[in-house]
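Please read the structure below before turning to the comments.
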Amino acid sequence: AQSVSQHNHHVILSEAASLELGCNYSYGGTVNLFWYVQYPGQHLQLLLKYFSGDPLVKGIKGFEAEFIKSKFSFNLRKPSVQWSDTAEYFCAVTALRGGGNKLTFGTGTQLKVEL
Amino acid sequence: DAGVIQSPRHEVTEMGQEVTLRCKPISGHDYLFWYRQTMMRGLELLIYFNNNVPIDDSGMPEDRFSAKMPNASFSTLKIQPSEPRDSAVYFCASRWLYTGELFFGEGSRLTVL
Numbered sequence: 003a004q005s006v007s008q009h010n011h012h013v014i015l016s017e018a019a020s021l022e023l024g025c026n027y028s029y030g031g032t033v034n035l036f037w038y039v040q041y042p043g044q045h046l047q048l049l050l051k052y053f054s055g056d057p058l059v060k061g062i063k064g065f066e067a068e069f070i071k072s073k074f075s076f077n078l079r080k081p082s083v084q085w086s087d088t089a090e091y092f093c094a095v096t097a098l099r100g101g102g103n104k105l106t107f108g109t110g111t112q113l114k115v116e117l
Numbered sequence: 010d011a012g013v014i015q016s017p018r019h020e021v022t023e024m025g026q027e028v029t030l031r032c033k034p035i036s037g038h039d040y041l042f043w044y045r046q047t048m049m050r051g052l053e054l055l056i057y058f059n060n061n062v063p064i065d066d067s068g069m070p071e072d073r074f075s076a077k078m079p080n081a082s083f084s085t086l087k088i089q090p091s092e093p094r095d096s097a098v099y100f101c102a103s104r105w106l107y108t109g110e111l112f113f114g115e116g117s118r119l120t121v122l
């Protein structure tokens, strides 16, 4: 079964700082990868997704993620964070064969951006 | 489309009572998922359906939990009897297979006293 690890549980940054959140998954086959964001009191929303092709994926609000197959990683980045990026970020993976098409989430990273 | 619709948004009940959470997926989506979110355990997949058929219910905590999907536009998650440790936000999500993207409802916040 697939699993997802997010090593940073809490991250505090100042505005304009650069962001990188780590995500590693365990599954040897083909995967679809996602980053979701949950703003305080709201539901999860899709930030970006990777299915195939260019391993550098650009999403909404200036976020991007890079799929490195050899490292089983899909790290999320943003060059300059804003206070409004304060939220919880979830990495997720769907294993396309053998995974039953279910989406498995990491434990989340709580990001706080200070003014 | 109105998105995934869940009800109730908030439920406060007493231990031992039956709780029913409802979900209307996005029209045309053939997968429906129930997740539970707590501070301690994060986001847990409880059960998911494909074309109204339960595919994997291995995440359902125990027999007190049950879920049904009688048709393509409606699903319920029932807890009977409820316990304080069931307090959480329960999210329903749906997707169309080929997009892979899950669309989440606003969640149902359950508090069991």
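Chains D and H, in that order, give the protein sequences. Residue numbering for the first sequence follows this note's numbering, beginning at 3 and increasing consecutively. Residue numbering for the second sequence follows this note's numbering, beginning at 10 and increasing consecutively. Cβ atoms here follow ideal geometry from the backbone N, Cα and C, with glycine treated the same way.
| Item | Value |
| --- | --- |
| Host beta strand (DSSP E) of PHE74 of chain D (start-end) | Where PHE74 of chain D is concerned, there is no enclosing beta strand (DSSP E), given that its DSSP letter is neither H nor E. |
| Beta-carbon separation (whole angstroms), ARG79 of chain D vs GLU66 of chain D, contact threshold 8 Å | 5 Å |
| Any chain H beta carbon closer than 7 Å to LEU35 of chain D | no |
| The stretch 10–21 of chain H touching the stretch 56–73 of chain D, judged by at least three CB pairs closer than 8 Å | no |
| Cβ neighbour criterion (16 or more within 10 Å) applied to THR47 of chain H | exposed |
| Spatial distance of LEU35 of chain D from LEU50 of chain D (CA atoms) | 9 Å |
| Straight-line Cα distance separating SER36 of chain H from GLN112 of chain H | Strictly speaking, residue 112 of chain H in this sequence is Phe, with Gln absent from that position. When rounded, the distance between both Cα atoms is 12 Å. |
| CB contact check: TYR57 of chain H to chain D, cutoff 7 Å | yes |
| Within chain H, the residues that HIS12 of chain D reaches when beta carbons sit closer than 8 Å | Within chain H, no residue comes near HIS12 of chain D; the closest Cβ sits about 12 Å away, beyond 8 Å. |
| Contacts of GLY116 of chain H in chain D (Cβ-Cβ under 7 Å) | HIS45 |
| SER16 of chain D (DSSP reduced to helix, strand or coil) | strand |
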